[in-house]
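Q:
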Amino acid sequence: MLKVLDIQLNFFGYLWYDARYKRTYTKLSIPRSRKAFRVHLASSFIKIFSILSALVFLPFESLLWRIAGGMIAGSIISFIILLITRTRSKVSYLLNWNILIKIFLLLLVLVILSDWHAFPNIRPTEYLGAGFILMLFFQDIFMDLIIKIFLRKRNLIRPFFKQPSNIQQMVNQGYQNYLDIPVWSTFFPFIKWIF
15 MLKVLDIQLN FFGYLWYDAR YKRTYTKLSI PRSRKAFRVH LASSFIKIFS
65 ILSALVFLPF ESLLWRIAGG MIAGSIISFI ILLITRTRSK VSYLLNWNIL
115 IKIFLLLLVL VILSDWHAFP NIRPTEYLGA GFILMLFFQD IFMDLIIKIF
165 LRKRNLIRPF FKQPSNIQQM VNQGYQNYLD IPVWSTFFPF IKWIF
């Protein structure tokens with residue numbers, strides 16, 4: 015876990031700047047049983063398999079919609095497996111308001127920039143790829159607007175589900191799970207969710 019202590023921006027000219035984050039790291043060891051390890055490993059394989067299957071079998075022209083469909087199917091199946099085996103999710107710490115707003119914004123861009131006339135075949139418009147790439151790089155700007163207008167003074171990085179006491183204590187002290195910077199803040203939770 016990390017805590018951002020200071021951010022330093024240096025501007026050297028037009029489109030040339032440097033951002034340095036002063037942060038402190040803390041490593042926490044959370045023990046996991048052999049049963050939980052096997053369930054989490056199976057869950058990872060199911061998520062990968064569902065995304066690959068969606069890429070091949072879903073009838074959407076849009077590659078982004080196929081990936082989203084595979085992620086939704088993988089999430090549902092792995093959630094059911096966790097319920098049946100009564101195993102705690104290894105990524106429950108990622109589920110917070112911050113990540114939900116980001117997922118909502120990405121899905122909103124997918125929905126707005128898709129052609130729904132031939133449903134269930136969702137066709138991408140010519141702007142879908144550009145819109146998605148822009149969201150990867152500029153999503154944090156939109157997030158800041160939403161936070162400053164609607165969600166003032168709320169802790170958006172606090173996990174929804176109660177965490178082990180040592181993690182909960184670190185979150186209460188202002189620690190977070192990953193550095194919230196453009197592109198990385200989108201790919202890191204995705205990679206952690208799969209693996």
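For my numbering, add 14 to where a residue sits in the sequence shown, where the first one is 1. Note that the Cβ used here is the ideal one computed from N, Cα and C, for glycine as well. None of these values were measured; they are calculated from a predicted model.
Put Thr-200 into one of helix, strand or coil per three-state DSSP.
A: helix
Q: Around the Cβ of Gly-188, are there at least 16 other Cβ atoms within 10 angstroms (buried) or fewer (exposed)?
A: In the assembly as shown, Gly-188 is an exposed residue. Its beta-carbon has fewer than 16 other beta-carbons within 10 Å.
Q: Does the distance from the C-beta atom of Pro-138 to that of Ser-179 stay below 7 Å?
A: no
Q: Once DSSP output is grouped into helix, strand and coil, what is the label at Arg-137?
A: strand
Q: Using DSSP bridges, identify the partner residues of Tyr-35.
A: Ile-21
Q: For Val-123, I'd like the list of residues in its chain whose CB is within less than 7 Å of its CB, leaving aside the five on either flank, ordered along the chain.
A: Gly-145, Phe-146 and Met-149
Q: DSSP puts Leu-16 in a beta bridge; with which residues?
A: DSSP lists Tyr-39 and Gln-190 as partners of Leu-16.
Q: Is the separation between the beta-carbon of Asn-112 and that of Ile-155 shorter than 7 Å?
A: Inclusion of Asn-112 and Ile-155 in the CB contact set at 7 Å is not warranted, their separation being larger than that value.
Q: Let's see if you can read the secondary structure: which residues bound the alpha helix (DSSP H) around Thr-99?
A: Thr-99: member of the alpha helix (DSSP H) spanning 77-99, first to last residue.
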